[in-house]
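Engineer: I am attaching a structure below and will ask some questions about it afterwards.
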Amino acid sequence: MMNKTILSVLLFIFYSPLSLSQNKNDQTLSVGNNIIENYSNSFLNRPTSVWSVLRSSQNKMIYYGTFDGILEYNGKDISSISINGSIEEELETSYVRKIIEDESGSIYAAGRGVFGKLIKNNFGKTVYQSLMDKIPDSINPYNQAFWGAVKQKSNLFLYTRERVFKWNGISFEKIWKISDDKEGIDALGTIQTLIKVNERIFIRVFGKGIFELKGNSFELIKNSTVFINNRIESAKMVNNKIVFFSSNNGAYEMNNNEEFKKIKNKPLNSWLTKNKVYNTEEIKLFSDNRFPLISLEGGVLILDEKLNIVDLINQEDGLLSNTITSFFIDVNDDLYLTSLLTSSKVKMNKSLTIYNESDGIKGLVRKIKRLNNQLFFSTTEDIFKVINNSNPLINNKINDLGVDDIPKSFISLGETIVSANNLNLSATFKNKKTIISNDRLIQSPQKSLIDKSLLIVAHPIEGIIFFKKNKKNLINKIKSTKVYGKGIIGLKEISPGNLYIELSEDEGSFIATYDKKLNISFKRVLIPENQKIIDEKEILSNKLLNSDLIELFETAELNFFETGLGYLVFDDNLNLYSVNENLKLNDLKIDLFPIFENLIDFNRQSIIADETQFTSVNQKTKNNWFLQNNGVMEVKFNESGYEILNNYSYGSIDDKELSGAFLSETFQNQDILWLGSKDSKIISWIPKKYNSIKKINIKPIIQNISFNENNIDLSLTNNAFDESRNIKFSYTYPSFEKVENNLYRARLIGQDDTWNNWSKSNESNYNNLWEGDYDFQLQAMDTNGDISEIVSYKFSIKPPWFRTYFAYAIYILITVFSIRFFGKYQAKKSLEKSDNERRVKELEEAKKIQESMLPKKFPELSDLDIAAGLITSTEVGGDYYDYFLEDNGDIYIVCGDATGHGTAAGMMVSIIKSALNGLPVLPVNKILEQLNKIVKKIDLGRLKMSLTVSKIIGNKLFLSSAAMPPTYLFNIKNKNCEEIMIQGLPLGGLNNETFKLYENKFFKGDILVMISDGLPEAENENSEMYNYDRIKNTILKNSNESASKIKDSLLDELDIWLKGGIPEDDATVVVVKKL
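Those letters in the sequence shown? Residues 1 to 1075, per this note's numbering, in order.
Structure follows, in structure tokens:
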């Protein structure tokens, strides 16, 4: 604010027609402020600083260069693009100083240790592709900080403090070394900036001046000594001269002889230096050839092609910051700005501007009027006046009149503003308010058309009240008149001396005719058919109230409204009438339905009281404007009816915020609409100009496609999916004009050719798709109702392999061969059946043999409790257990396992059993040695026998084993279960094999458990073995039980482990407990 005050003083002192030549047309049309949409730091994902902005000419998305990398805005989400690359990662840099697009539409990012291209990966995501490795080996890439870049035809020119680089899209075609200085970024000889003017390239070098690229080298402009120590921020061609803008010493022009001269534009020079105009490598133009200059302290200055200041946009206008770091001008003149932490979009096309709360407006806008060539509007808080300022550096002001009430309606009586308020009738003259009357029932103030000092108001009890303004600007009541004993709720002077009035208590519409002496008479207004009845019956004028006529006919509600032809009337059936010279109605035989079909809410009572409106007459074109639900309608009324001239969509105007107040006027052939808002705002809208804004061809973007929740490769235009049946499309529409109003519709050709309804949803899901070819098509519609082109994605779903033509051919071949070989198949099955039956019989025989080899019961001894059990496998195995009792009470107990299954295993068991019965009394290890010799002598090939032999003599235990699992010995005294593992080969292995003898004490309570390998090696459904620890734990847990119960516990635990299944090998348990 301080800067603007200083500048206004400078303007006053140093005013010159050149420097402040203001385009009065635009000044009047753009009374409001430019519409600004701000993107906060949190919206931008909180970057540390923002340095560059660009809208892609290809996909129309917005890209920001920040200290932390690149941001992409698609109209829905902000996403971060990481800076990847070997050099970038080593430097740990993400500082992007410049985002620039070449003529092919490729986007590049440049910054400190950063140079790369933005590309799409196969899944549709934008990624950074580093090009730092393209820097020649002679230059250290780790020391390169790119400060800016410009596009010249097919090339990019980038600069560091020491060099200028020319990039041709593939490689660095040329590199100019300007400085060897290493003292810092502002050191003598280093590059301060690179600037493009038309197609000419300039650089400014600290301590030397300006250089221009001529041919293949940079040449010093000899007369540029003024810039040896002064910065250059930007430059532009003006009247065939290049003007350089400096933050140190203002604007200088260079002629064709390369001579420099300071521009004589003191307001411009003052702004450039005081607000620190900031670096712009290339100045872009708006469509009307205006251009912006950005600054570090003063926002954005707008100049015309003659360097006249035409506008200033800063925080007072709604920007979040006055420190502007970059800008981008879109084809529709939208101005994108970046500050250190935020971004903004400014609508520079003057077809839509606003005043809002920041300008001092408070309350819902109720009425808008131009009085005494000034714009006034009332709200639910006060009456406000727009004070125009011809100085482009100072904003127009909004002043309230100090009514401090809720104005219902207001008019001007000379220079006095008269308002009927919620509490009184007041007059405001030169910002001083006086109360005319404290009667809060007064409404519809009107200035008389036959006496400019006469004020007429409506009163629901007193009727018509006349006030007179005297020479001292005092307004006094002079007369009131009831209408046949009734008050009135509203009035309008439809022609000089003739007032349309509406009586209280719903008693009808009348015309009151008065003169300067305030003589007054009344005439009832009726539709022609009712007037005819009145005329025929010659009913007296004082008997024409609705309550008097109720027996004759149903009276119609009449509505008077102003048009370019004067006042017209319509009834409650929307039939239109004109008013003739006798103040009677003529039926125009036309209705207003086409106008009223989409009219914003019509409230007859408030319209009669002049508190609201439904139409506005443009006093120059004489056309009426109507607010519709979907836009505005321009209508020309004529003697035979009317013609609808134009319909305009609201576009980016939010119709839900409109209060219904509006004003139509024209300036220099531009129709302007002022619209009132519920949000403490008035809107200036030029519909024709708004509709002429250059359209941007924006297509919706399919961002992601997933099949069964798996993202697919978007680079493939035709995809075949054999198994997926569910597809999901996600998309966005990079139209940034009220993005919340963007709508989508889609269809899937191949399933349904019908478009779905317009929706805000940005996803489409299709489930259980049948195989076939499909074409997904998508359209979008922006807030202006503009519909995009169709984008599509084609794909196909192939049948599973078993429903392909190849599969059907296989099926036929299989059928033929099946028929051909059916006989052979049947014969084979019969043979297999016979083999199975034989095998089953053999197994049954083997099982009988096995059972016959086992003892039916164990001897009942006084000092030993013996039990044994066996679970057979699917194929009968060779497990075996037995006992041999000596006459002296000593007992041998054996447990074994023959290799193999079935009959062969049974034969081995028979040999061992017979041999045991024939052997003399021997130590247990010697028994195994003798058995080994017998088996080896018989030579049964690969058949072997594993065997454990134990002998119990009193309180002693003797044990030996041939390739059997460990035997368990539970000691009652120390509650310990010992695992006895005796190494040895199976019987029939080697000749002369010897076996170890194990000896231990066996007292009362001690337990001996012998097992076969089928128990610990039994596998459950998860292929997990039962293992030895479970056997040991079961013995310990049941050590107090009998031998039989210990045996049962071991086999039951195995059954639980197998979940009732059958083990793959026999499982045998022998338990001996000392009593």
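Just so you know, even glycine gets a beta-carbon here, dropped at the ideal spot from N, CA and C. All values reported here derive from a predicted model rather than from experimental measurement.
#1: Determine, using beta carbons only, whether ASP571 and GLU557 come nearer to each other than 8 Å.
#2: DSSP three-state label for LEU188, please.
#3: Just the C-alpha distance for PHE729 and SER764, rounded to the nearest angstrom, thanks.
#4: Which value, in whole angstroms, describes the spacing of the CA atoms of ASP879 and GLU999?
#5: Do you know offhand how far ILE62's Cα is from ASN74's?
#6: Apart from the five residues just before and just after GLU1152, which ones in its own chain have a Cβ nearer than 7 Å to its Cβ?
#7: In the DSSP output, which residue or residues are listed as bridge partners for HIS459?
#8: Can you list, in chain order, the residues of its chain whose CB lies under 7 Å from that of LYS482, leaving out five sequence neighbours each side?
#9: With distances taken between CB atoms, is the gap from GLN129 to LYS196 smaller than 8 Å?
#10: Could you pull out every residue in the same chain whose Cβ sits closer than 7 Å to the Cβ of ASN399, ignoring the five residues on either side in sequence?
#11: Alpha helix (DSSP H) containing TYR690: first to last residue?
#12: Between the Cα of LYS486 and the Cα atoms of HIS459, LYS477 and LEU583, which residue gives the shortest distance?
#13: Going by DSSP, which residues form a beta bridge with ASN38?
#14: If you measure between the beta carbons of LYS367 and PHE429, is that distance less than 8 Å?
#15: Where does TYR811 land, buried or exposed, given buried means 16+ other C-beta within 10 angstroms?
#16: Beta carbon of ASN122, beta carbon of LEU769: below 8 Å?
#17: Count the other CB atoms, across all protein chains shown, that sit within 10 Å of the CB of VAL816; report buried if there are 16 or more and exposed otherwise.
#18: Should ILE35 be labelled buried (16 or more other beta-carbon atoms within 10 Å of its own) or exposed?
#19: May I have the straight-line CA-CA distance separating ILE488 from PHE466, to the nearest angstrom?
#20: For LYS1032, which residues from the same chain have a beta carbon less than 8 Å from its beta carbon, with the 5 sequence-adjacent residues on both sides left out?
#21: Need the endpoints of the alpha helix (DSSP H) that PHE806 sits in, please.
#22: State buried or exposed for ASN629, treating a residue as buried only when at least 16 other CB atoms are found within 10 Å of its CB.
#23: As a quick exercise: from GLY989, PRO528 and GLN446, pick the residue whose alpha carbon is nearest that of GLY490.
#24: Count the CB pairs spanning the region 276-286 and the region 307-316 that are closer than 8 Å, and state whether there are at least three.
#25: What does DSSP give as the partner residue(s) for PHE729 in the beta ladder?
#26: Beta carbon of LEU526, beta carbon of ILE534: below 8 Å?
#27: Let me confirm a value: SER761 is counted as buried when at least 16 other C-beta atoms fall within 10 Å, else exposed. Which label applies?
#28: Taking C-beta to C-beta, are ILE595 and VAL632 nearer than 8 Å?
#29: Taking one C-beta from the region 1044-1062 and one from the region 989-1003 each time, how about it: are there three or more such pairs within less than 8 Å?
#30: Express the C-alpha separation of PHE806 and ILE1011 in angstroms, rounding to a whole number.
#31: Is the beta carbon of THR783 sitting closer than 8 Å to the one on ASN741?
#32: Report yes if the C-beta distance between VAL403 and LYS433 is below 8 Å; otherwise report no.
#33: Going by beta carbon distance, what residues of the same chain come within less than 8 Å of ASN711, once the five residues before and after it are set aside?
#34: For TYR774, name the three-state secondary structure that DSSP assigns.
#35: With DSSP collapsed to three states, give me the class of GLU657.
#36: With which residues is ILE520 paired in a DSSP beta bridge?
Structural biologist: Per the coordinate set shown:
#1: yes
#2: coil
#3: 5 Å
#4: In this structure, the alpha-carbon of ASP879 lies about 25 Å from that of GLU999.
#5: 7 Å
#6: The chain is shown from 1 up to 1075; residue 1152 falls before or after that span and cannot be answered.
#7: Per the DSSP secondary-structure output, HIS459 pairs in a beta bridge with GLY463.
#8: GLU462 and GLY463
#9: For the 8 Å CB-CB criterion, GLN129 and LYS196 do not form a contact.
#10: PHE384, LYS385 and ILE387
#11: 687-691
#12: Ranking HIS459, LYS477 and LEU583 by Cα distance to LYS486 puts HIS459 first.
#13: SER344
#14: no
#15: exposed
#16: no
#17: exposed
#18: buried
#19: If I take the Cα positions, the gap works out to 13 Å.
#20: Non-local beta-carbon contacts of LYS1032 in its own chain, meaning distances under 8 Å to residues more than five positions away in sequence, involve TYR968, CYS977 and GLU979 in chain order.
#21: 805-820
#22: exposed
#23: Each of GLY989, PRO528 and GLN446 was checked against the Cα of GLY490, and the nearest Cα belongs to GLN446.
#24: no
#25: ILE705 and SER764
#26: yes
#27: exposed
#28: no
#29: no
#30: About 58 Å.
#31: yes
#32: Taking 8 Å as the Cβ cut-off, VAL403 and LYS433 qualify as a contacting pair.
#33: PHE123, ASN704 and ILE705
#34: strand
#35: helix
#36: TYR514
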